[in-house]
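Some notes on the structure that comes next.
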Amino acid sequence: MKELLTALGGILLVFILLVLALVVAIVVLLKVFLPKAAKMMSQGAEIWLDAQNYVDSAVSEIIKDWNYLELLKRATPQFLESVQPEELERVFYYFFQQIGKLESYTGAICNGVSGLNKQEFGQLIVGDYVAQAKFTKKSAKIKGQIIKQDNQWFINTFTISNEGITLVLGLTTTPEALEEAYNKKIKLEGLLKYDDYK
């Protein structure tokens, strides 16, 4: 009987030590990782707010007078490759004729942002947004994608739609696809430099 009590006491002691070790591990994790998690959440909220403010400012400037130049000066290089300025001017004029002048803009809602932080090209953030606007003839939904690189936001896609009419400009992307394109560009530049060297 004494041996049984000794064994049970030993098991209980091991159990108590395991519980204490678990409590210590949890306290350490909370002290180390909780502040980091809180900081990351704060940074995420800051990025989201920054994205939303950029979209509201940019979209308002673009659609208030249907100024295609406002869109072009905020566009990513990928967007500029996919759209001819003369064509964009004609399309904006057509939309102005169809839905009219801006009366009210309700503001953008960012549906999400994702990003990468790489030493080669710095911080890269991609965000999607949707907004509503009322024009003199009709209302429209404005959707798009923005990209932030080197602390500067750019418009990557711009879509306006209303009853039966949709204008889609640019091609959507992801941070990973942009990283892949960047790496391909670097490899190509390296090959060209090697050929020049020979």
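Position 61 of the sequence shown, counted from 1, bears residue number 63 in this note's numbering, the numbering being contiguous throughout.
Ideal Cβ placement from N, Cα and C applies to all residues, glycine included.
Short check: CB of residue i to CB of residue j, under 9 Å?
| i | j | result |
| --- | --- | --- |
| K66 | L104 | yes |
| Y107 | D52 | no |
| T161 | L169 | yes |
| R76 | F137 | no |
| Q147 | G109 | no |
| A135 | I111 | no |
Could you compute how far the alpha carbon of residue i sits from the alpha carbon of residue j?
| i | j | result |
| --- | --- | --- |
| L74 | A23 | 60 Å |
| L193 | N185 | 12 Å |
| V115 | V26 | 36 Å |
| A183 | N69 | 30 Å |
| F17 | T8 | 14 Å |
| I101 | F94 | 10 Å |
| I167 | N158 | 20 Å |
| W50 | I149 | 12 Å |
| L126 | Q151 | 5 Å |
| L14 | L180 | 57 Å |
| I188 | N153 | 21 Å |
| V29 | L20 | 14 Å |
| Q80 | P87 | 14 Å |
| E191 | Y96 | 41 Å |
| A47 | S62 | 22 Å |
| N113 | V128 | 11 Å |
Buried or exposed, going by whether 16 or more other CB atoms sit within 10 Å of the CB of residue i?
| i | result |
| --- | --- |
| I78 | In the sequence as displayed, the identity of residue 78 is Thr instead of Ile. Classification of T78: buried, given that the 10 Å Cβ count is 16 or more. |
| A60 | buried |
| L177 | The sequence given here has Pro at residue 177, not Leu. The residue is buried, with at least 16 neighbouring Cβ atoms inside 10 Å. |
| Y131 | buried |
| A142 | buried |
| I64 | buried |
| G172 | buried |
| G12 | exposed |
| E72 | buried |
Report, in whole angstroms, the separation of the C-beta atoms of residue i and residue j, which I expect to be a contact under 8 Å.
| i | j | result |
| --- | --- | --- |
| N164 | K140 | 5 Å |
Identify every residue that forms a DSSP beta bridge with residue i.
| i | result |
| --- | --- |
| I111 | V132 |
| V170 | T161 |
| Q147 | D130 and T159 |
| A27 | A27 pairs with nothing; no bridge assigned. |
| S141 | K136 |
| A77 | I157 |
| L104 | F137 |
Is residue i close to chain C? Criterion is C-beta to C-beta, closer than 9 Å.
| i | result |
| --- | --- |
| N113 | Among the chains of the structure shown, chain C does not appear; only one protein chain is present. |
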